[in-house]
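>
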Amino acid sequence: MSIFSSGDPLNAIVCDVGQYATKIGFAGEDYPRSYFRSNVAAIREGDDANATKTTTSITSTSDDQKQKRRPIVDLKYDYYNRPICSRSSDPKEWHDGNWETQNPVDATTGLSYDPHSYNESSSGGADWYDQLELMVRHGYKTSLANAQPENHPFMLVEKSYNPPPIRQQTLECLFEGSLQMPAVFLAKDATLACYACGRTTGTVVDMGYGGTTVTPVYEGYVETKGIHRSPIGTLEMDERILQTIDHFGHKKQQPFLPLYQVKHKSTPKRADPFHHLARLHVAQACREEGVGAAVDTTSTAVAFAAPNAPFTLPDGQMVNIPPNHRFAVANLLLAKEEQERRQEILQAHKKKLSSYIHDTNNDKETKVFTQAAAVGISSTRRGRKRQSSPKKEETTQSKTSFSNRLLQQACVPYLQAHLEEHLTASPLPAMVCDSAYRCDRDQQPQLLGNVVLAGGGACLGPTEQAMPDFLREKVESIIHAHTPGWKVKVLSPGIPERKICSWLGGSILGSLGTFHEMWITRAEYEEYGTAIVNRKCP
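Everything in the sequence shown is counted per this note's numbering, starting at 8 for the first residue and increasing by one.
1) In angstroms, rounded to a whole number, what distance separates the CA positions of residue 452 and residue 442?
2) Helix, strand or coil: how does DSSP classify residue 422 here?
3) Would you mind sorting residue 394 into buried or exposed? The rule is 16 or more other CB atoms within 10 Å of its CB.
4) Determine, using beta carbons only, whether residue 20 and residue 145 come nearer to each other than 8 Å.
5) What did DSSP end up calling residue 89 once you bin it into helix, strand or coil?
6) Give me, in chain order, the residues of the same chain whose beta-carbon lies closer than 8 Å to that of residue 229; leave out the 5 immediate sequence neighbours on both sides.
7) Compare the Cα-Cα distances from residue 349 to each of 54, 489 and 219 and report the closest residue.
8) Just the C-alpha distance for residue 511 and residue 333, rounded to the nearest angstrom, thanks.
9) For a test of the three-state rule: what should DSSP assign to residue 161, helix, strand or coil?
10) Can you give me the C-alpha to C-alpha distance between residue 193 and residue 471, rounded to a whole angstrom?
11) Return the residue from the list 40, 475, 458 and 457 that minimises the CA-CA distance to residue 465.
12) How would you label residue 153, buried or exposed, when you count the other beta carbons within 10 angstroms and need 16 or more for buried?
13) Taking the alpha-carbon positions, what's the residue 481 to residue 335 distance?
14) Residue 519: buried (16+ other C-beta within 10 angstroms of its C-beta) or exposed?
15) Can you grab the Cα-Cα spacing for the pair residue 439 / residue 97, in whole Å?
16) Closer than 6 Å by C-beta to residue 532: which residues in its own chain qualify, once you throw out the five before and the five after it? Chain order, please.
17) Compare the beta carbon distance of residue 419 and residue 458 with 8 Å and say whether it is the shorter of the two.
18) What is the rounded straight-line gap between the Cα of residue 92 and the Cα of residue 112?
19) Give the single residue among 141, 103, 345 and 329 whose Cα lies nearest to the Cα of residue 274.
20) Is the beta carbon of residue 323 sitting closer than 8 Å to the one on residue 244?
21) Can you give me the C-alpha to C-alpha distance between residue 94 and residue 88, rounded to a whole angstrom?
22) How far does the beta strand (DSSP E) with residue 82 in it extend, from its first residue to its last?
23) Looking only at its chain, what residues have a beta carbon closer than 6 Å to the beta carbon of residue 478, apart from the 5 residues adjacent to it on each side?
24) Which residues does DSSP list as the beta-bridge partners of residue 28?
25) Suppose only complete runs of 3+ residues qualify. What are the beta strand (DSSP E) ranges in the stretch 138 to 187, listed by chain order?
26) Classify residue 7 as helix, strand or coil using the three-state DSSP reduction.
27) Return the CA-CA distance between residue 62 and residue 48, expressed in angstroms with no decimal places.
28) Run the CB neighbour count on residue 213, radius 10 Å, all protein chains shown included, and call it buried at 16 or more, exposed below.
29) With a threshold of 8 Å, are at least 3 pairs of Cβ atoms found where one atom belongs to the stretch 421 to 429 and the other to the stretch 232 to 239?
30) Checking 8 Å against the spacing of the C-beta atoms, do residue 34 and residue 162 come in under that value?
31) What separation, rounded to the nearest whole angstrom, lies between the Cα atoms of residue 544 and residue 444?
32) Rounded to whole angstroms, what is the Cα-Cα separation between residue 517 and residue 36?
33) Roughly how many angstroms separate the alpha carbons of residue 24 and residue 461, rounded to a whole number?
34) If I'm right that residue 45 touches residue 150 with Cβ under 8 Å, what's the distance once you round it to whole angstroms?
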């Protein structure tokens, strides 16, 4: 039973860690207190943060190095416009040292899970959730200065296809790690997006940074059989924009310079990952200023004479993007004409995902993990030894410890299902229809009558209603061939709210007095273990 009553002012914290941005704030508020990029620079234990760059690439990720990863000790959240080690007055001496780029969300799976962090606890390797703890603490420190993690219930937004092993270990991280949360709830992003639009049933289109996911939600529950995911997100769109700018921006077709090389011309070129992210930062600004428009260029719209899209590069040069290149950015996800390119990206995506699925031929350990998960046993030491309060060490016994390799092995069947059932190269309108058609027949009219647009990719212009209108027309043209009486309604919050749609739904849910009994309390966690997350967080 919950220790919270409906009259208690909980001041719950809602956190959404996305591949593009992390949002943290109080439940009941209209906007997160902290909003910062999830692409960060990280320094690991034992590395000198200010050391000069060595001849070996700091971003080298060979298999041997992945198995020897050390815990992350610090993160930098704003490194796009100048190198990290830039205290010297001479820009020539600026560098990034031993820092490397990191993201708490895996680009291939879209999950808060590092498939390469499978170290044995005895090796001193890094935990896959090291970065999650540091990201949450950064949100508290920057905008929730008076709040302490141990004093507020914590709601974490998760992907709708997040497998049970990762959910259980995430719960363990929040309770057993340095955060020491008093109560936790894991909420699915698609369900929360529906709540943000005042619905409990709908087909949620989440156009994120690393991919686009279509999820049917019926009466507040995710219909997993209808989930579809495309590897096309705003990242692929920005990569296309980079190619376009490089082509039209310079007579010699040389890559344009990011802001840090324009502000300080003597600054040496940074390591490739940092340099590329700085260029993507410019491409994102270009997309938000009109490149990447959701416009129907077929049928009668072919004769539509759209103007060029002007964009000013950091060095002051003006680039005019032709209409066909403007529309090709959004068509990468929306139109049939880009099917061949989508197939190429999908095959590369599947190949990388297949590399995550490997068998250690250790059936005995797999059986142990399965049995432990069934009875709710969790590991409290993964990679490095966790710090527990002295009182807890005296009163409780240490729980069974599992290696990261076992966690990865437990995820294999879920990754295989994701590979075979969820991934697709279809255009977005077809994804929406197929997602609804995979559900029960009596659910389909309601699912197609409430299509929810969420995510930063849903902000494609040229107007606020361009993307909703485009999607509605295309979906209607598909379903009316079989069911002419069905109506399609696309629900889309304003542009600012689309980027935080899932967080906003969590803010609404966490502020409800009737939600108090849904929290997983520390007492329940101590009694039932991590398996309780699959019962209380459907």
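Glycine included, C-beta positions come from ideal geometry on N, C-alpha and C.
Based on what the coordinates show:
1) 12 Å
2) helix
3) Bear in mind that a pLDDT of 42 at residue 394, under 50, signals an unreliable position, so the number given afterwards is only what the model happens to contain. Classification of residue 394: exposed, given that the 10 Å Cβ count is below 16.
4) no
5) coil
6) If we look at residue 229 and ignore the five residues flanking it on each side, its Cβ neighbours are 167, 195, 197, 198, 222 and 223.
7) 219
8) 31 Å
9) Three-state DSSP puts residue 161 in a strand.
10) 31 Å
11) 475
12) exposed
13) Looking at the two C-alpha atoms, the distance is approximately 17 Å.
14) By the beta-carbon neighbour count (other beta carbons within 10 angstroms, threshold 16), residue 519 is exposed.
15) 54 Å
16) 182
17) no
18) Rounded to whole angstroms, residue 92 to residue 112 spans 26 Å at the Cα level.
19) Nearest option by C-alpha distance: 103.
20) In this structure, residue 244 does not lie closer than 8 Å to residue 323 by Cβ.
21) Each residue's Cα considered, the two are about 14 Å apart.
22) 79 to 83
23) 497
24) 44
25) 161 to 165
26) The structure shown does not extend to residue 7, since the chain is modelled only from 8 through 545, so no value can be given for it.
27) Residue confidence for residue 62 is low, a pLDDT of 37 falling below 50, so the modelled location carries little weight and cannot support an answer.
28) buried
29) yes
30) yes
31) 26 Å
32) 10 Å
33) 15 Å
34) Not confirmed; about 16 Å, so no contact.
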